[in-house]
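Enquirer:
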Amino acid sequence: FQEPRLLPWYTAHKNVMLFAHREVMAFFDAEEWLERVGLADAGQLYPHQLSGGMKQRVSIARSLVCEPQLLLVDEPFSALDKPLAAALRDELFNIINAEAIPTVWVTHDSQEADAVATRKLFLAGDPGTWQLEEHTAQLAQPEKGEL
10 FQEPRLLPWY TAHKNVMLFA HREVMAFFDA EEWLERVGLA DAGQLYPHQL
60 SGGMKQRVSI ARSLVCEPQL LLVDEPFSAL DKPLAAALRD ELFNIINAEA
110 IPTVWVTHDS QEADAVATRK LFLAGDPGTW QLEEHTAQLA QPEKGEL
């Protein structure tokens with residue numbers, strides 16, 4: 010979710026609800042995820058009424074409400090200022106760990122990589138050149154499986 014990609018004609022709640030895994034519980038699951046990302050009171054707002062950080066949080070909720078088996082995260086906070094990006098990164102990292110969601114996180118920010126990675130794969134300028142670095146993140150939980 011490099012960009013939020015919210016549907017402008019739907020509220021934040023409806024944007025999240027569209028991706029709910031359990032169709033019968035979609036309304037309640039969307040409410041729960043909006044609450045978990047700190048937007049419990051913003052569900053009835055439309056994307057044009059949300060700040061950049063709020064849009065990213067809706068995007069995060071939408072990505073997680075579908076109970077993903079693998080989460081692909083590509084430069085999710087690159088458009089946000091550093092303090093907000095760090096706060097949202099920590100929030101997302103905590104959710105990923107709490108839910109035990111295997112995640113591939115793409116970033117150019119080495120500090121961000123150090124904060125979230127259990128393994129880092131560095132891609133070099135030459136096509137096909139890469140280097141794997143093992144890293145023990147503060148919240149790594151290998152007993153939940155490896156990718």
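In my numbering, the protein residues as written are 10 to 156.
Glycine included, every Cβ here is placed at the ideal spot set by N, Cα and C.
If distances are taken between C-alpha atoms only, which option among Thr138, Glu142, Asp118 comes closest to lysine 129?
Expert: For lysine 129, the nearest C-alpha among the options comes from Glu142.
Enquirer: Please determine if the segment 52-59 and the segment 86-99 are in contact, where contact requires at least 3 C-beta pairs separated by less than 8 Å.
Expert: No, the segment 52-59 does not touch the segment 86-99.
Enquirer: Taking only the alpha-carbon atoms, compute the straight-line gap between leucine 97 and tryptophan 18 and give it to the nearest angstrom.
Expert: Their Cα atoms are separated by approximately 25 Å.
Enquirer: Throw me the rounded Cβ distance for the glycine 47 and arginine 31 pair, which I believe falls under 8 Å.
Expert: Actually they are not in contact, since the Cβ atoms of glycine 47 and arginine 31 sit about 22 Å apart, beyond 8 Å.
Enquirer: Name the DSSP bridge partner or partners of aspartate 83?
Expert: Its beta-bridge partners are Val115.
Enquirer: Among the residues of its own chain, which have a CB less than 7 Å from the CB of arginine 71, if the five just before and after it don't count?
Expert: Hits under 7 Å: Asn24, Val25, Phe28.
Enquirer: As a quick exercise: from Gly52, Ile110, Asn106, Gln53, pick the residue whose alpha carbon is nearest that of cysteine 75.
Expert: If we check each option's Cα against that of cysteine 75, Ile110 comes out closest.
Enquirer: Which same chain residues, not among the five before or five after tryptophan 139, have their C-beta less than 8 Å away from its C-beta?
Expert: Correct list, in chain order: Leu130, Phe131, Leu132, Ala133.
Enquirer: Considering only residues of the same chain and omitting the five flanking positions on each side of glutamate 121, which have a CB-CB separation below 7 Å?
Expert: For glutamate 121, where only same-chain residues beyond five positions count, the Cβ hits under 7 Å are Arg98.
Enquirer: So, at 7 Å on beta carbons, what are the nonlocal neighbours of tryptophan 42 in its own chain, with the 5 sequence-adjacent residues on each side left out?
Expert: The answer, listed in chain order, is Val25, Ala70, Leu73, Val74.
Enquirer: Between Val33, Glu40, Met34, which has its C-alpha nearest histidine 22's C-alpha?
Expert: With distances taken between Cα atoms, histidine 22 lies closest to Glu40.
Enquirer: In the structure shown, what three-state DSSP assignment does leucine 97 receive?
Expert: Looking at leucine 97 - three-state DSSP - the assignment turns out to be helix.
Enquirer: May I ask you to report which of helix, strand or coil DSSP gives leucine 48?
Expert: Here leucine 48 sits in coil by DSSP.
Enquirer: Taking methionine 63 as the reference, give the member of Ala88, Gln78, Pro77 with the closest Cα.
Expert: Methionine 63 has its Cα closest to that of Ala88, out of Ala88, Gln78, Pro77.
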